[in-house]
Every structure is written in structure tokens, then in C-alpha cells.
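**Student:** Numbering (the working numbering), first residue to last: 5 to 251.
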Ligand SMILES: Nc1ncnc2c1ncn2[C@@H]1O[C@H](COP(=O)(O)OP(=O)(O)OP(=O)(O)O)[C@@H](O)[C@H]1O
Ligand SMILES: [Mg+2]
């Protein structure tokens, strides 16, 4: 975390450095790591155990797919890894820093600086142009470079659509714009939830090439998906069944 904006406040940083740095023997080199995550949801009388002791880690440059039936816990796992949700048990480490069970400002800072997130419902602000969405993501990580924004948009084939509002994009363009936003801060980790769910085969292949390109540049990529194409593009596949990782 060389960028000064991305250093947590001194008092907190000291605490983080002293108490939350990955313990020797853990996967200290992992870009992101889940250790025995549990997550329960209660709605009235009904209780759902969405995650039951899920552990996984993704190394820099690795592309991992998480597959499993609907309701198996994929989105819950990604939300916990992104710090958008907090697990009821277990912990999440981002480059050795504990993300889980931290105050929201620390989780938000870690996420803004080190994690690019592409959620199932999309990650674009509807009232902002594609380029302005990238500028917001950069700003959250303390960066601002129109050259970098245009370079990213060129890399996802959207240079011509920089001034478009998300509502004017096709599904494939919106996904590629979302991916550009997820990459805007040069994150260590990209977490993508069903990024190709609504795309045709050719557009899916384009998005997978972009994710592979990010992994080849050293980003740890984790994608939750039902798609066999995603599983075959990945270096490794983890399967979730009833909230448990079985491979
Ligand atoms: N906020 C919530 N409140 C109550 N139950 C929830 C909540 N979020 C998820 N669940 C439940 O947790 C389980 C796992 O849901 P999750 O969304 O993680 O599955 P998924 O594998 O992503 O499914 P899909 O492939 O359909 O996206 C499901 O039984 C779901 O109903
Ligand atoms: Mg899901």
C-alpha cells in the first residue's frame, strides 16, 4: 500500500500493523484469504446458514472461479471478501490485513484502495457518465488521471462511450464499463459476481479475456459464476454446496 491516501490513519495503522498482520504460518503472500467463514441470516423463524466454514485464498496473478448452485452462498462469500458484509465467524485478510470485524471506515478504505468489486447488480452510478464513474472510483483511492481513465476505457473497448450514461449502454458494454471501474484503482484483488450472466458467448469471451489480462498483470481475480466458460478460463475452481467449499 504505497499510496499515502491508502494508508489507514496512523493510530489505526499501528493497531493494524501490530495486531492484524497475517500470523506466521498463514498464507501471508495471498492477496485475499477467507479463513473458516460463517454467515447466518435470520428472517422471522427461518434461519439460513449461508456460509459454513468456507476457507480459500487467491494469490497475486491467480484467476479462481467459485461455482455452485443458486443459493449455495457465492454472493454471500464475495460480499464478505469485499467487506460489504461482515461474516458471523472466521476472518478475511486482504494482503495480510484483517478486513473482517473492522470499523466500516477501515473496511471501506481497504476496499477502495485494494479491491475492485463487480457485483451482481452492477457497480455503476446511473446518473454519472462512464468516465465520471471511473473518476469516482479513482478518487476513492486518492487517484485522478484522465489519461489512466481513457487507457482503461480503451483496454475494455469503450473509449468511444466515455461520455455515455450507463442506461445508454448495452449489457455487454455495461459489464465492461463495470470492469473498468473495478480496475480503476489498480487493485490487488478483483471480485466479480456473475459478470457474464447476461452476456452472449462472444461478449463473455471478451470479458474473460479482460479478467485474464488483469490476472496476468498480477491481480488476484475471483469470479463467482454458473458459466462453464468462466470455470474453464480459471486457473482453479472452488465449488460451493450448501455454504461449504468442496473443492
Ligand atoms: N440478506 C439475506 N437475508 C436472508 N437470507 C439471505 C440473504 N442473503 C442471502 N441469503 C440466503 O443465503 C443463501 C445464499 O445466498 P447467495 O445469494 O449467497 O447464493 P448464490 O450462490 O449467490 O446464489 P445465485 O447463484 O442465485 O446468485 C440463500 O439461501 C439465500 O436465500
Ligand atoms: Mg449470487
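Glycine residues also receive a C-beta, built at the ideal position from the N, C-alpha and C atoms.
1) Considering only the beta carbon of each residue, do residue 237 and residue 216 sit closer than 8 Å?
2) Assuming contact is defined by CB atoms lying nearer than 8 Å, are residue 70 and residue 81 in contact in what I supplied?
3) Quick one: give me the first and last residue of the beta strand (DSSP E) that residue 197 is part of.
4) By DSSP's criteria, residue 122 is part of a beta bridge. Which residues make up the other side?
5) Along the beta strand (DSSP E) that carries residue 227, what are the first and last residues, could you check?
6) I want to know whether the segment 202-219 touches the segment 42-55 - three or more CB-CB distances under 8 Å.
7) For residue 183 versus residue 214, is the C-beta distance shorter than 8 Å?
8) In whole angstroms, what separates the C-alpha of residue 128 from that of residue 50?
9) Taking the alpha-carbon positions, what's the residue 179 to residue 40 distance?
10) Mind checking which residues open and close the beta strand (DSSP E) that includes residue 166?
11) Any heavy atom of ligand 2 closer than 7 Å to the Cβ of residue 178?
12) Residue 242 lies in the beta strand (DSSP E); which residues open and close that run?
13) Closer than 8 Å by C-beta to residue 130: which residues in its own chain qualify, once you throw out the five before and the five after it? Chain order, please.
14) Please check the pair residue 195 and residue 226, which I expect to be a contact at CB under 8 Å, by giving their CB distance rounded to whole angstroms.
15) Below 8 Å between beta carbons: does that hold for residue 242 and residue 68?
16) Thinking C-beta only, is residue 87 closer than 8 Å to residue 115?
**Tutor:** In brief:
1) Going by C-beta atoms, residue 237 is nearer than 8 Å to residue 216.
2) Going by C-beta atoms, residue 70 is nearer than 8 Å to residue 81.
3) Unbroken beta strand (DSSP E) run through residue 197: 193-197.
4) Residue 122 is bridged by DSSP to 196.
5) Here the beta strand (DSSP E) through residue 227 covers 224-228.
6) The segment 202-219, when compared against the segment 42-55, does not touch it at the 8 Å Cβ threshold.
7) In this structure, residue 214 lies closer than 8 Å to residue 183 by Cβ.
8) Going from the Cα of residue 128 to the Cα of residue 50 covers about 33 Å.
9) For the pair residue 179 and residue 40, the Cα-to-Cα distance works out to about 31 Å.
10) Careful: residue 166 lies outside any beta strand (DSSP E) and carries neither H nor E.
11) No - ligand 2 has no heavy atom lying nearer than 7 Å to the Cβ of residue 178.
12) It spans 240-245 - the beta strand (DSSP E) in which residue 242 sits, taken as one unbroken run.
13) Within the same chain, residue 130 has close Cβ partners 169, 170, 171.
14) With a Cβ gap of about 5 Å, residue 195 and residue 226 count as contacting.
15) Their beta carbons are under 8 Å apart, which means residue 242 touches residue 68 by this criterion.
16) For residue 115 and residue 87, yes; Cβs fall inside 8 Å.
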